[in-house]
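Protein chains in written order, with the numbering used here: chain A, 3 to 174; chain B, 3 to 264.
Quick reminder that beta carbons are idealized off the backbone N, C-alpha and C, glycines included.
Since the structure comes first, as structure tokens, the remarks are kept for the end.
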Amino acid sequence: MSDTRTQLIAMLPRLRRFCRGLTGSAEEGDELVQMACERALSRLHQWQEGTRLDSWLYRIAQSVWINKMRQEKTRNTVPDLEAVSAVAGGDSRQDVETRDLHQKTMAAMRHLPPDQREVLVLVCVEGFSYREAAETLGLKIGTVMSRLSRARLRLWQMVHGDPAVAAAAQKG
Amino acid sequence: MMTRGIDDEKLMAYVDGELGAVERAEVETLLARDSSLQERAEMFRQSADLARLALADTLREPVPDAMLAKLQATEHDGLLKRLFRRFGGAGRQWSLPLGGLELATAAGLLLVVGGVVGTQLGGDTVYSDAMDPRVADALSAAGSGTVVVLDGSDGAEDVLPLLTYVNADGHYCRHYLHHGAGPQGGQTVDGVACLDGGGNWQQVITVRLDAAEVEGDGYVTASGGESVLVDDFIESTIAGAPIAGPDEAELIGSGWATDGNS
């Protein structure tokens, strides 16, 4: 097996995380991983030694995702991929609260526009700098920053709600 | 939004450690004497934590064999390729009514009006018009723009209320998105429900969003003219301005006790 292939395999957990963040679901995320890997394998020769393999892989995943959304207009089959076990926590209250917060965050991420979601995942989850995210996505840094700040404010608001609403609901 | 000389992006860049020494010092000076700015910075910090922690478990999950096999195979595996081709994924995107009514919805497939199955617009599955009690609970409790994960769905189903208004009959109505809906899940429903005389939410229009297109800038918008159905419906039934902010909060806090006419 080539070195690059070995590196790709080592990157799978991170690629899965990226794709899950991008699609907002475990099933669709894994489906995207498969498609991205397929494309990456068929284009391994295009990857330039010395450049970041993860950026290249994420760029492929992102473009596969965009194309997929563009092309597939209906969804007739429900994916039945190997079940990705749900986040299994203990029974303690803190575990339950944490799981609920994670689920709520994932749900909120699904409601973000795709172009905001991808910068959010690259920067906040994958730890890319603004410049790296801009290069990976082919955007200007200013675009990355404006999408990222909108994404984060929306995410926060969807998860925690409008403070005024929360306060009034508690009173009532 | 500008807060005393610092825009959101600069504040976020500070939180993310993306500023140079000079700008960082500037921001710190302003932060030190402005608690609202501190709160906003905290919001940026927390939002990044939320996203990171929500996805943290993914790294600990074992990678499925099928995925590994794909990369370990020396030859392209046509079977897997076909297998994964079969599964379609509908794009979904909408914008939140944070700055008012900017509701970009995807294409609708099925329309249910007045609680009766109405016009079929090209879909192949009938979606039940019964009001899911969990959706009703979410509509009663959550402010517009706040996502609610539905009980028992393990995070796969959520409701996002988008708008609150009073209709011509004086009843409160809410526009919402229900993600992960349908008998098999995975569908998104764009709907409006109104409170009846007995204080129960009744669906008055639901449009299933299965189809979508991505435009050049990555935004999913309607592939046809159907997306305006719900918006048109709201426009034709709304009486007065939408109820937002503190007014909506008060309404939720009161348990929707007051009539829309009063």
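Is the Cβ-Cβ distance between Glu-237/B and Thr-166/B less than 7 angstroms? Within the second sequence, residue 237/B is the residue found at index 235, counting from 1. Within the second sequence, residue 166/B is the residue found at index 164, counting from 1. No, the Cβ-Cβ distance between Glu-237/B and Thr-166/B is not below 7 angstroms.
Under 7 angstroms between C-beta atoms, does Ala-171/A make it to chain B? Walking along the first sequence from the start, residue 171/A turns up at place 169. Because the pLDDT at Ala-171/A is just 46, under 50, the model does not fix this residue reliably, and the value given afterwards should be weighed accordingly. Interface with chain B (7 angstroms Cβ-Cβ cutoff): Ala-171/A is included.
Does Ala-109/A pass the burial test, meaning 16 or more other C-beta atoms within 10 Å, or should it be called exposed? Position 107 of the first sequence holds residue 109/A. The residue is buried, with at least 16 neighbouring Cβ atoms inside 10 Å.
With a threshold of 7 angstroms between beta-carbons, can Gly-154/B be considered close to chain A, or not? The residue given as residue 154/B occupies position 152 in the second sequence. Not closer than 7 angstroms to any Cβ of chain A, the Cβ of Gly-154/B fails to qualify, so no.
Along the alpha helix (DSSP H) that carries Val-146/A, what are the first and last residues, could you check? Counted from its first residue, the first sequence places residue 146/A at position 144. Where Val-146/A is concerned, the enclosing alpha helix (DSSP H) starts and stops at 143 to 162.
Considering Ala-12/A, what are the terminal residues of the alpha helix (DSSP H) in which it resides? Taking the first sequence and counting its residues from 1, the one referred to as residue 12/A is at position 10. Where Ala-12/A is concerned, the enclosing alpha helix (DSSP H) stretches over 5 to 25.
State the Cα-Cα distance for the pair Cys-126/A and Ala-170/B, rounded to the nearest angstrom. As a position in the first sequence, residue 126/A is number 124, starting the count at 1. As a position in the second sequence, residue 170/B is number 168, starting the count at 1. Rounded to whole angstroms, Cys-126/A to Ala-170/B spans 45 angstroms at the Cα level.
Measure the Cβ-Cβ separation of His-113/A and Ala-56/B and say whether it is below 7 angstroms. If you number the first sequence from 1, residue 113/A lands on position 111. If you number the second sequence from 1, residue 56/B lands on position 54. Between His-113/A and Ala-56/B, the C-beta spacing is not below 7 angstroms.
Euclidean distance between Cα positions of Ala-63/A and Leu-157/A: Counted from its first residue, the first sequence places residue 63/A at position 61. Counted from its first residue, the first sequence places residue 157/A at position 155. Distance between Ala-63/A and Leu-157/A, taken at the CA atoms: about 23 angstroms.
Does the pairing of the region 7 to 16 of chain B with the region 24 to 38 of chain B give three or more beta-carbon distances under 8 angstroms? Touching, per the Cβ criterion.
Classification of Leu-231/B by the beta-carbon crowding that lies within 10 angstroms, buried from 16 upward: Against the second sequence, residue 231/B aligns to sequence position 229. The residue is buried, with at least 16 neighbouring Cβ atoms inside 10 Å.
Assuming the contact rule is C-beta atoms closer than 8 angstroms, Leu-197/B and Leu-179/B should be a hit. Round their C-beta distance to whole Å, please. Here residue 197/B refers to the residue found at position 195 when the second sequence is read from its first residue. Here residue 179/B refers to the residue found at position 177 when the second sequence is read from its first residue. Actually they are not in contact, since the Cβ atoms of Leu-197/B and Leu-179/B sit about 19 angstroms apart, beyond 8 angstroms.
So the beta strand (DSSP E) His-181/B belongs to, where does it begin and stop? The residue given as residue 181/B occupies position 179 in the second sequence. In the DSSP assignment, His-181/B falls within the unbroken beta strand (DSSP E) covering 174 to 183.
Where does Thr-8/A land, buried or exposed, given buried means 16+ other C-beta within 10 angstroms? Here residue 8/A corresponds to residue number 6 of the first sequence, with the count starting at 1. Burial state of Thr-8/A is exposed, judged by a 10 Å Cβ sphere holding fewer than 16 other Cβ atoms.
With C-beta atoms as the reference, is Gly-182/B less than 7 angstroms away from Ala-158/B? On the second sequence, residue 182/B is found 180 positions in, with the first residue counted as 1. On the second sequence, residue 158/B is found 156 positions in, with the first residue counted as 1. Cβ atoms of Gly-182/B and Ala-158/B: closer than 7 angstroms.
Residue from Leu-17/A, Met-111/A, Val-123/A whose Cα sits closest to the Cα of Leu-162/B: The residue you call residue 162/B lines up with position 160 of the second sequence. Leu-162/B has its Cα closest to that of Met-111/A, out of Leu-17/A, Met-111/A, Val-123/A.
With H, G and I counted as helix, E and B as strand and the rest as coil, what does DSSP make of Asn-169/B? Your numbering for residue 169/B matches position 167 in the second sequence. In the structure shown, Asn-169/B adopts extended strand secondary structure according to DSSP, grouped into three states.
Under the three-state reduction of DSSP, which class applies to Asp-153/B: helix, strand or coil? Taking the first residue of the second sequence as 1, we reach residue 153/B at position 151. Asp-153/B: coil per DSSP, three-state reduction.
Note down, in chain order, each residue of its chain lying with its Cβ closer than 8 angstroms to the Cβ of Gln-204/B, except the 5 sequence neighbours on either side. Against the second sequence, residue 204/B aligns to sequence position 202. For Gln-204/B, where only same-chain residues beyond five positions count, the Cβ hits under 8 angstroms are Gly-117, Met-133, Ala-195, Cys-196, Leu-197, Asp-198.
Val-209/B: contacting residues in chain A (beta-carbon distance under 8 angstroms): As a position in the second sequence, residue 209/B is number 207, starting the count at 1. Result: empty, since nearest Cβ-Cβ is about 15 angstroms, beyond 8 angstroms.
Flag Glu-44/B as yes if its beta-carbon sits less than 7 angstroms from any beta-carbon of chain A, otherwise no. Taking the first residue of the second sequence as 1, we reach residue 44/B at position 42. At a cut-off of 7 angstroms between beta-carbon atoms, Glu-44/B makes no contact with chain A.
CB contact below 7 angstroms: Val-65/B versus chain A: Stepping through the second sequence from its first residue, residue 65/B is reached at position 63. Yes - at least one Cβ of chain A is within 7 angstroms of the one on Val-65/B.
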